[in-house]
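Residue numbers (this note's numbering), protein chains in the order written: chain A, 240 to 478; chain B, 240 to 478.
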């Protein structure tokens, strides 16, 4: 059994300008790994309609799932919903189900459900809503594209709404062997070991602690038995 | 005068698996903004030759500069140099200048300059070396592609070596107006203001503090006078 694949599309000038440090990518990467969906690519693009459309099309054609973050609020720079609709060839308008959710929310809060707020009910035809337990305005899934808010706590809540509906794969496991030797010293034996285990992926990540060179050797795969075998061999080689 | 554009390509399974949280993107975004180079797109891809080649080709054709991070160490999973050479149609081999740098480095350290370490001297023909004051193994620039290490302190040192050689543009300035009102309340007036200043880019970023909704209105552009005019109007509207 193979693992489904995924890409993430982060939409936002504020990430590209360096004003805001994205945290959604790291969060989503961890969550997908846990349920056995393999994140294969991430793109960050600006708040530009054509750039969003092109990225959604490219990623949605290539991967099992696409997760987007950002650009679904009430202001003029929130253009993700319209761009995703265009990319997927869907019509978009103020949808009754989303209007009802938001109307009730603003009624409860005693705030006017004005034109800007109604923008957040623009949902493509055929999409299903993604629950937003934090601030009500929904995300949506259309085809294999899941559209979510950029604000981290809302993004995380929407991910928690969406992931249980998706079919994962065998959990993507990893084990780390840390040794206080430079990468260049162990590279040849590590490469030979990697060649012995073509079903596992092996990576090496150098670090420096108090001036001393060390390396984390990371073994990834879905078969716990094979991971254990590789770790036993690693320990024999470098332990 | 317009600003040069840039893309970044982050190479590494460890980012996509959620094991490591990337920090190079945020660092580079800030540095580029400071010198007036506009970061327009970021991609993160796995340690897969064809994926790296395709991304380098696409980004290098579209933007003034491409900056890569990751995959230039001595181990079997370090395949960036060869992939970039392939993308740029250049030959690659152990280059004499890089061999000499590394030989001297390992001689000083009293460590063998073995085959794995010699891998780090694989530099495409026609590339110029990027200085690595931290651990010697150089990055390189070929055409408009600048290839750097993934380890954050080495990446940052290489960025400091490369950026002074590039032609920037007018500094990309931004000013922020923070107000304790929800986005949906101010969206209409903010959109009208943005339409008055087509030469500036205006974005709105909601936050929640102690249960209260607030918004940062961010104005970006290169003309300090125009930014000031916009801020005066923002203050009059929402101050």
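Using N, Cα and C, we set each Cβ at its ideal position, and we do this for glycine too. None of these values were measured; they are calculated from a predicted model.
- In the DSSP annotation of this structure, residue 320 of chain B is not part of any beta strand (DSSP E); the continuous alpha helix (DSSP H) holding it starts and ends at 319-326.
- For the pair residue 405 of chain B and residue 296 of chain B, the Cα-to-Cα distance works out to about 20 Å.
- Restricted to the segment 271-350 of chain A, the alpha helix (DSSP H) segments that are unbroken, complete and at least 4 residues in length are 288-301, 319-326 and 335-348, listed in chain order.
- Among the residues facing chain A, residue 282 of chain B is included, as its CB has a counterpart in that chain under 7 Å away.
- Straight through space, the alpha carbons of residue 412 of chain A and residue 463 of chain A are spaced by roughly 7 Å.
- Separation of residue 383 of chain A and residue 444 of chain B (C-alpha to C-alpha, rounded to the nearest whole angstrom) is 27 Å.
- Taking a 10 Å sphere around the C-beta of residue 349 of chain B, we find fewer than 16 other C-beta atoms and assign the residue as exposed.
- In this structure residue 316 of chain B does not touch residue 387 of chain A by the C-beta definition: roughly 31 Å separates them, more than the 8 Å allowed.
- Between residue 428 of chain A and residue 476 of chain A, the C-beta spacing is below 7 Å.
- Contact of residue 269 of chain A with chain B by beta-carbon distance below 9 Å involves 256, 257 and 258.
- Proximity of the segment 336-347 of chain B to the segment 388-405 of chain B falls short of the contact definition, fewer than three beta-carbon pairs being nearer than 8 Å.
- In chain order, 312, 313, 314, 315, 316 and 317 make up the part of chain A whose C-beta sits under 9 Å from the C-beta of residue 443 of chain B.
- Counting every other CB atom within 10 Å of its CB across the protein chains shown gives residue 424 of chain B a total of 16 or more, marking it as buried.
- Beta-bridge partners assigned by DSSP to residue 419 of chain A: none are found.
- In summary, residue 469 of chain A is buried, with 16 or more beta-carbon neighbours lying within 10 Å of its beta-carbon over all protein chains present.
- A straight line joining the alpha-carbon of residue 298 of chain A with that of residue 246 of chain A spans about 6 Å.
- Separation of the CB atoms of residue 332 of chain B and residue 361 of chain B is rounded to 7 Å, and the pair is thereby assigned contact status at 8 Å.
- Going by beta carbons, residue 329 of chain B and residue 378 of chain B fall outside the 7 Å limit.
- Non-local C-beta neighbours of residue 409 of chain B in its own chain, meaning closer than 7 Å and more than five positions away in sequence, comprise 240, 242, 275 and 461, ordered along the chain.
- Taking residue 262 of chain B as the centre and dropping the five residues before and after it, the same chain places the C-beta of 391 closer than 7 Å to its C-beta, in chain order.
- Beta-bridge partners assigned by DSSP to residue 441 of chain B: B:458.
- If you draw a straight line from the Cα of residue 426 of chain A to the Cα of residue 272 of chain B, it comes to about 38 Å.
- When the five nearest sequence neighbours on each side are left out, the beta carbons in the same chain lying within less than 6 Å of the beta carbon of residue 338 of chain B are those of 360, in order along the chain.
- The C-beta distance from residue 252 of chain A to residue 285 of chain A rounds to 5 Å, short enough to meet the 8 Å contact threshold.
- Chain B places a beta carbon closer than 7 Å to that of residue 423 of chain A, counting this residue as a contact.
- For the set A:407, A:369 and A:244, the Cα lying nearest the Cα of residue 398 of chain A is the one of A:369.
- Sequence-distant partners of residue 334 of chain B (beyond 5 residues in either direction) whose C-beta falls short of 7 Å from its own C-beta, in its chain, are 360 and 362.
- When secondary structure is reduced to three states using DSSP, residue 352 of chain B falls in the coil class, being assigned neither helix nor strand.
- For residue 286 of chain B, the neighbours in chain A by C-beta distance under 9 Å run, in chain order, 440 and 442.
- Interface annotation, residue 241 of chain A: not in contact with chain B, CB-CB separation never under 7 Å.
- Rounded to the nearest angstrom, the gap between the Cα atoms of residue 452 of chain A and residue 420 of chain A is 6 Å.
- Chain B has no Cβ within less than 7 Å of the Cβ of residue 346 of chain A.
- Look at residue 400 of chain A here: in three-state DSSP terms it is helix.
- The DSSP-derived three-state label of residue 463 of chain B is helix.
- One alpha carbon belongs to residue 439 of chain A, the other to residue 287 of chain A, and they sit about 39 Å apart.
- Beyond the five residues adjoining it in sequence on each side, residue 281 of chain B comes within less than 6 Å, by CB distance, of 247 and 264 in the same chain, given in chain order.
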